[in-house]
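Data block below; observations after.
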Amino acid sequence: MAACRPGAPGSEQAWLEVAQAFIQETLCPPGKEPDVQLTQLVIDCVKTTWLSQGKSQGLTLPLSYSFVSVKDLRTHQRLPCCSHLSWSSTVYQAWAQEAGPRGVSLPRERLLLLGTLTDLSGNLEQECRNGSLYIRDNTGALDCELIDLDLSWLGHLFLFPSWSYLPPPMKSPGEGHVELWGTPMPVFPLTIRPGPLTPIPVVYPEMASRLLRHRSKHRNVQPNLAGKLIRFSALVKSRKKAYFVLFLGGSSPAGSQVSVIVQVPAQLVWHRALCPGRAYVLTEVRVSKLPGHRYRVWMTSPSSQLLPLKPECVRELELELAGVPLEADPQSLPRPSSPQDKKGPGPDCLVRDSILLSYTVRMRERFLSQRGQELWGLRRRRA
Numbered sequence: 005m006a007a008c009r010p011g012a013p014g015s016e017q018a019w020l021e022v023a024q025a026f027i028q029e030t031l032c033p034p035g036k037e038p039d040v041q042l043t044q045l046v047i048d049c050v051k052t053t054w055l056s057q058g059k060s061q062g063l064t065l066p067l068s069y070s071f072v073s074v075k076d077l078r079t080h081q082r083l084p085c086c087s088h089l090s091w092s093s094t095v096y097q098a099w100a101q102e103a104g105p106r107g108v109s110l111p112r113e114r115l116l117l118l119g120t121l122t123d124l125s126g127n128l129e130q131e132c133r134n135g136s137l138y139i140r141d142n143t144g145a146l147d148c149e150l151i152d153l154d155l156s157w158l159g160h161l162f163l164f165p166s167w168s169y170l171p172p173p174m175k176s177p178g179e180g181h182v183e184l185w186g187t188p189m190p191v192f193p194l195t196i197r198p199g200p201l202t203p204i205p206v207v208y209p210e211m212a213s214r215l216l217r218h219r220s221k222h223r224n225v226q227p228n229l230a231g232k233l234i235r236f237s238a239l240v241k242s243r244k245k246a247y248f249v250l251f252l253g254g255s256s257p258a259g260s261q262v263s264v265i266v267q268v269p270a271q272l273v274w275h276r277a278l279c280p281g282r283a284y285v286l287t288e289v290r291v292s293k294l295p296g297h298r299y300r301v302w303m304t305s306p307s308s309q310l311l312p313l314k315p316e317c318v319r320e321l322e323l324e325l326a327g328v329p330l331e332a333d334p335q336s337l338p339r340p341s342s343p344q345d346k347k348g349p350g351p352d353c354l355v356r357d358s359i360l361l362s363y364t365v366r367m368r369e370r371f372l373s374q375r376g377q378e379l380w381g382l383r384r385r386r387a
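Going by this note's numbering, the sequence shown wraps up at 387, each residue one higher than the last.
See below:
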């Protein structure tokens with residue numbers, strides 16, 4: 005495939021000249037003077053990752069590797085491939101043998117992929133956020149998949165040491181996507197977010213459930229909700245709205261659970277960062293009423309943040325609830341009513357009921373370390 009290769013293989017000077025030209029054209033802001041600092045930081049990042057394998061054969065630079073832009077990868081790479089800058093040939097060969105006689109391992113390309121990790125495809129308007137993740141450079145944006153996303157990575161420039169590329173099927177109008185295997189390497193040092201100066205006041209699921217069903221002066225406040233993530237739904241996308249639902253609970257499995265709807269476009273990417281069993285704080289959530297139902301639910305607001313729950317950084321907010329409960333405590337989102345429950349034409353008839361199904365599957369093959377080769381092997385066997 006087309007990529008930026010040095011004119012004289014084995015020459016560090018030639019490799020550096022190609023690297024500088026690529027960085028200026030693909031990563032630097034268009035129309036500006038060459039960024040010497042950015043160029044040096046990119047080269048240092050590549051060099052550090054390359055040397056980390058411990059078998060660089062005395063070379064300080066990966067002279068056999070070529071830089072590739074998003075456009076070149078999408079346009080010229082017709083077959084699935086993988087690239088592992090931090091892997092030695094021995095490690096790759098051992099991994100390839102794990103495919104066994106039934107599978108076909110992904111061929112290895114020696115390509116250097118850099119770009120900004122973002123949830124914006126290209127247009128900077130908020131409406132373009134739908135929960136997808138992209139790698140973007142000056143030539144375009146490419147869909148990517150990443151396990152265990154750190155939200156602090158968004159908007160930063162990275163080198164991706166280990167990845168695979170799966171192009172679209174032949175004669176398909178779609179586009180390919182990248183699967184990021186390892187932790188991306190930041191080109192610029194990431195700033196560590198300091199903790200709050202004072203503990204964050206939070207309410208836990210039991211109190212949050214009580215707040216929903218009491219006619220109280222506290223119902224109009226936007227508290228911070230804390231708890232352990234029990235589960236979360238699939239990301240549902242429709243023509244007008246995208247959303248998902250997460251469920252927070254207490255430390256005890258038999259304790260109260262509370263559901264929270266997330267539909268703010270900039271927060272849909274949270275779906276890629278959540279991990280059941282971990283504890284979180286959702287800041288500034290609000291009470292909302294579902295159309296066509298009497299139930300009230302928690303929803304995030306545009307100013308809400310998703311934070312890891314650190315006991316030393318929070319304090320429980322004590323609230324006194326007065327008044328009569330509005331309704332029984334719904335343990336989950338309301339189920340749609342059956343057609344027999346409809347009493348005739350009315351506002352409820354304009355409401356379209358739906359059920360959101362969740363399911364659990366058991367993987368019989370190792371997936372995390374072999375996901376690219378298994379997908380490709382399955383595709384080859386079916387062809």
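Even for Gly, the Cβ is constructed at its ideal location relative to N, Cα and C.
Which two residues bound the contiguous alpha helix (DSSP H) that contains residue i?
i: residue 48; result: 40-55
i: residue 93; result: 93-101
i: residue 26; result: 16-30
i: residue 74; result: 74-80
i: residue 1; result: Look at the range of the chain in this structure, 5 to 387, and you will see that residue 1 is not part of it.
Do you know how far the Cα of residue j is from the Cα of residue i?
i: residue 366; j: residue 169; result: Unreliable placement is indicated for residue 366, whose pLDDT of 44 sits below 50; the coordinate value is still reported in the next sentence. So the two alpha carbons sit approximately 25 Å from each other.
i: residue 258; j: residue 281; result: 15 Å
i: residue 247; j: residue 240; result: 5 Å
i: residue 297; j: residue 261; result: 20 Å
i: residue 299; j: residue 270; result: 26 Å
i: residue 30; j: residue 193; result: 20 Å
i: residue 176; j: residue 80; result: 15 Å
i: residue 124; j: residue 132; result: 6 Å
i: residue 256; j: residue 232; result: 10 Å
i: residue 21; j: residue 178; result: 35 Å
i: residue 275; j: residue 249; result: 9 Å
i: residue 83; j: residue 108; result: 13 Å
i: residue 148; j: residue 182; result: 4 Å
i: residue 4; j: residue 198; result: Because the chain in this structure spans residues 5 to 387, residue 4 falls outside the shown range and cannot be described.
Roughly how far, in whole angstroms, is the beta-carbon of residue i from the beta-carbon of residue j, given that I think they are within contact range, below 8 Å?
i: residue 264; j: residue 272; result: Rounded, the Cβ-Cβ distance is 13 Å, inconsistent with contact.
i: residue 69; j: residue 117; result: Not quite, the Cβ-Cβ distance comes to about 10 Å (not below 8 Å), so this is no contact.
i: residue 285; j: residue 206; result: 6 Å
i: residue 74; j: residue 184; result: Residue 74 to residue 184, Cβ: 14 Å. No contact.
i: residue 238; j: residue 153; result: Rounded, the Cβ-Cβ distance is 16 Å, inconsistent with contact.
i: residue 191; j: residue 46; result: 6 Å
i: residue 85; j: residue 204; result: Not confirmed; about 46 Å, so no contact.
i: residue 186; j: residue 78; result: With a Cβ gap of about 22 Å, residue 186 and residue 78 do not count as contacting.
For residue i, is the classification buried or exposed, using 16 other Cβ atoms within 10 angstroms of its Cβ as the cut-off for buried?
i: residue 122; result: buried
i: residue 211; result: buried
i: residue 23; result: buried
i: residue 303; result: buried
i: residue 229; result: buried
i: residue 301; result: buried
i: residue 120; result: buried
i: residue 295; result: exposed
i: residue 196; result: exposed
i: residue 289; result: buried
For the beta strand (DSSP E) holding residue i, just list the boundary residues, first then last.
i: residue 174; result: Looking at the DSSP string, residue 174 is not in any beta strand (DSSP E), and its letter there is neither H nor E.
i: residue 388; result: Residue 388 is absent from the model: the chain starts at 5 and stops at 387.
i: residue 192; result: Looking at the DSSP string, residue 192 is not in any beta strand (DSSP E), and its letter there is neither H nor E.
i: residue 151; result: No beta strand (DSSP E) holds residue 151; DSSP gives it neither H nor E.
i: residue 312; result: 310-312
Looking at residue i and the ligand FAD, is the gap between the Cβ and the nearest heavy atom below 7 Å?
i: residue 280; result: Of the ligands one can find in the structure shown there are none, so the ligand FAD has no counterpart to examine.
Determine contact between the region 132-144 and the region 88-97, defined as no fewer than three beta-carbon pairs at a distance below 8 Å.
The region 132-144, when compared against the region 88-97, does not touch it at the 8 Å Cβ threshold.
Is the region 94-103 close to the region 161-168, with three or more CB pairs under 8 Å?
Contact between the region 94-103 and the region 161-168 is absent, because fewer than three Cβ pairs lie under 8 Å.
### Query
Are there three or more Cβ pairs, one per stretch, closer than 8 Å when the region 35-53 is compared with the region 61-69?
The region 35-53, when compared against the region 61-69, does touch it at the 8 Å Cβ threshold.
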